[in-house]
Amino acid sequence: MAVFALFPLYYVIQASFAGAQNLYTTDLHLFPVHFTFANYVTAFTQEPLLNWIGNTLLVCGLTALCGLVCSTSGAYALARFRFAGRELTLRALLTLQAFPGLLALTAYYLLLNALHLLNNLLGLVLIYSAGAIVFCCWNTKSYLDGLPIELEQAALLDGATPLQAFWHIVLPLAVAALFTFMTGWNEFALANLVLNANANGSNLTFLLGLYSLQSDFRTPWGIFAASSVIVSIPLMLIFFFAQRYFRSGLAQGGLAN
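Just so you know, we're using the numbering used here here: the sequence shown kicks off at 88 and counts up by one.
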């Protein structure tokens, strides 16, 4: 199973270092016959790859920030306070998660068209944030239910304000924003709806940029593979940096503070 899981990754990496003609063959080579960096040079010099990565980082970063602020504050209210409509709100959030975002494509298009946000990165941020808040709010609320309220009470006794207790005790647990970041990084259908891969090559996320490389008659597989390897590096670095938060069950941050 490990071979089946890792071989596609290996094939993409070795294809990125192979010449164009080496990919149009049925022979299986463990290493590129003609090793070259030409695909990487072409990806950086002839394609707006860095611009695509920058757009993706901007969209995912703003989505994660918006999801962090809105979902954490909403989850905190649902977990710590009792108010009219609380149970109905929880049921509504759970119900919304049952419907995939693709069902709302037409509604998203009409709404963004009315707001003049089509082919605009801000429009994509709004859609990603709206979908992410539901997921993050529900999950963060579950994590807060397991966080002892005595931690916040101890902070209040030490002279902290409710906002300071929320900032130093609760907010470090909001690692759900990382899930939001990764969702936006790997999403294609909604991005294609908002940005239109055929409209403007510089105003695309990297997935749409890779999609735009292919044509009806030819696909530069070597450049495609090299670009795929390059754009996977930022997400890998983010995951390696944040993996300790995933292993901790989101409780380590509150106890450390």
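Glycine is no exception: its CB is placed at the ideal position from the N, C-alpha and C atoms. Every value quoted in this text rests on a predicted model; they were computed, and no experiment measured them.
Own chain partners of M269 with C-beta closer than 7 Å, once the 5 adjacent residues on each side are dropped: L322
Taking the alpha-carbon of A164 as reference, which of L324, N206, A217, Y230 has the nearest alpha-carbon? Y230
When the Cβ atoms of the segment 193 to 202 are set against those of the segment 128 to 148, are three or more pairs found closer than 8 Å? Counting C-beta pairs with one atom in each stretch, the segment 193 to 202 and the segment 128 to 148 have fewer than three that are closer than 8 Å, which means they do not touch.
With distances taken Cα to Cα, identify the nearest neighbour of F104 among F311, C153, F326. F311
Determine, using beta carbons only, whether S319 and L297 come nearer to each other than 7 Å. Contact flag unset, no.
Below 7 Å CB to CB, which residues in the same chain sit around A252 once its five sequence neighbours on both sides are set aside? E239, A242, L243.
Do you know how far the Cα of Y127 is from the Cα of I100? 11 Å
Which one of S299, F293, L265, F124 has the shortest CA to CA distance from V156? L265
Quick one: residues in its chain with C-beta nearer than 8 Å to the C-beta of T182, no 5 flanking neighbours on either side, listed in chain order? none
Counting pairs of beta carbons, one from the segment 142 to 162 and one from the segment 215 to 223, are three or more of them closer than 8 Å? Yes: at least three Cβ pairs fall under 8 Å.
How is A64 classed by DSSP in three states: helix, strand or coil? The chain is shown from 88 up to 344; residue 64 falls before or after that span and cannot be answered.
Could you say which of H121, F94, A194 lies nearest to L280 if we only look at CA atoms? A194
Does the beta-carbon distance from L277 to L291 come in below 7 Å? Result no, Cβ atoms of L277 and L291 do not sit closer than 7 Å.
CB V146 to CB L211, shorter than 7 Å? yes
Nearest-angstrom Cα separation, counted from N273 out to P235: 35 Å
Please classify H203: does DSSP put it in a helix, a strand, or coil? coil
If you run the structure through DSSP and keep just helix, strand and coil, what is E134? coil
Using three-state DSSP, classify I236 as helix, strand or coil. coil
Secondary structure of Q301, DSSP reduced to three states: coil
Look at the alpha carbon of T306 and the alpha carbon of A102, and state the distance between them as a whole number of angstroms. 13 Å
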